[in-house]
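Engineer: Chains as they are written, first to last, in our numbering: chain A, 34 to 147; chain B, -18 to 92.
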């Protein structure tokens, strides 16, 4: 398994601002994923980020709202842009287990937008 | 499309009770199946997995068997503890290695 850290662990932000969430892995991984978990809900995949290529977004999510960077095999960022209270969620990154179909998750970033 | 359906919570049990959380899935092909657990204030942790029919995943006293004939992957534990209180997610991986999650079942264990 991989050890994954996220920064910040939580934040309270004002409407209209942007927040960048960092995800760091202790080993090189091919695929990294970003999920959103709205209060009391399950996880929804936002996008898949492979190193060296554009992120692939799921239906309902767009790059202008959730730009993603993947500069190397151990790091990724997700930006939540022009935030509104509806963006209040836990944002989690995950990585694929090498040569398995298991994903391992970071501790999450709890975002509250006022 | 692929989907996961799990029993709605919350589920409240007394300590040492037997636990079952039902999970059924719809998928093309033969997905891998997972149970993830989210303890209060923490991220998701993989609890157990099974990759083919009749496989049994097990961890921390929890078990689940991949039943292709009933498309189910029910989670069971013979004697729950207060520390098992958490939200449990059933999930499957599709052929693109994307994880599809159920809605989660909140479990409360009373001392």
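Using N, Cα and C, we set each Cβ at its ideal position, and we do this for glycine too. All figures in this text were calculated on a predicted structure; none of them were measured in a lab.
Here's a check: name, in chain order, each residue in its chain whose Cβ is nearer than 8 Å to the Cβ of residue 64(A), leaving out the five neighbours to either side.
Structural biologist: 81, 82, 83, 128, 129
Engineer: Answer with yes or no whether the minimum CB distance from residue 88(B) to chain A is below 8 Å.
Structural biologist: no
Engineer: From the beta carbon of residue 82(B), is the nearest beta carbon of chain A less than 8 Å away?
Structural biologist: It does: the Cβ of residue 82(B) has a partner Cβ on chain A nearer than 8 Å.
Engineer: Whose C-beta lies closer than 7 Å to the C-beta of residue 70(A) among residues of the same chain, with five residues either side of it excluded?
Structural biologist: 76, 122, 123, 125
Engineer: With a Cβ-Cβ cutoff of 8 Å, do residue 58(B) and residue 42(B) count as a contact?
Structural biologist: Yes.
Engineer: With C-beta atoms as the reference, is residue 141(A) less than 8 Å away from residue 55(A)?
Structural biologist: no
Engineer: Between residue -15(B) and residue 83(B), is the Cβ-Cβ spacing less than 8 Å?
Structural biologist: Cβ atoms of residue -15(B) and residue 83(B): closer than 8 Å.
Engineer: Is there a Cβ of chain A sitting closer than 8 Å to that of residue 24(B), yes or no?
Structural biologist: yes
Engineer: Please classify residue 45(A) as buried or exposed, where buried requires at least 16 other C-beta atoms within 10 Å of its C-beta.
Structural biologist: exposed
Engineer: Where residue 70(B) and residue 47(A) are concerned, what is the direct C-alpha to C-alpha distance, given to the nearest angstrom?
Structural biologist: Going from the Cα of residue 70(B) to the Cα of residue 47(A) covers about 31 Å.
Engineer: To be precise: take each residue of the region 71 to 94 of chain A, compare its Cβ to all Cβ atoms of chain B, and keep it if any distance is under 9 Å. Which residues remain?
Structural biologist: 73, 74, 75, 76, 77, 78, 81, 91
Engineer: Kindly list the residues whose CB is nearer than 6 Å to the CB of residue 38(B), restricted to its own chain and excluding five residues on each side of it in sequence; keep chain order.
Structural biologist: 29, 30, 31, 45
Engineer: Rounding to the nearest angstrom, what Cα-Cα distance links residue 47(B) and residue 57(A) in this structure?
Structural biologist: 33 Å
Engineer: Looking at the structure shown, is residue 118(A) part of a helix, part of a strand, or coil, going by DSSP?
Structural biologist: Residue 118(A): helix per DSSP, three-state reduction.
Engineer: Please determine, among 73(A), 36(A), 79(A), the residue with the shortest C-alpha to C-alpha distance to residue 62(A).
Structural biologist: Looking at the Cα atoms, 36(A) is the closest of the given residues.
Engineer: With a threshold of 8 Å between beta-carbons, can residue 85(B) be considered close to chain A, or not?
Structural biologist: yes
Engineer: Under 7 Å between beta-carbons, which chain B residues line up against residue 120(A)? List them in chain order, please.
Structural biologist: Near residue 120(A) there are no residues of chain B at all, since even the closest Cβ is about 19 Å away, more than 7 Å.
Engineer: 8 Å is my cut-off, CB to CB: does residue 175(A) come that close to chain B?
Structural biologist: This structure leaves residue 175(A) out entirely; chain A is present only between 34 and 147.
Engineer: Do we get a CB-CB distance below 8 Å when we pair residue 100(A) with the residues of chain B?
Structural biologist: no
Engineer: So what does residue 40(A) bridge to, in DSSP terms?
Structural biologist: 55(A)
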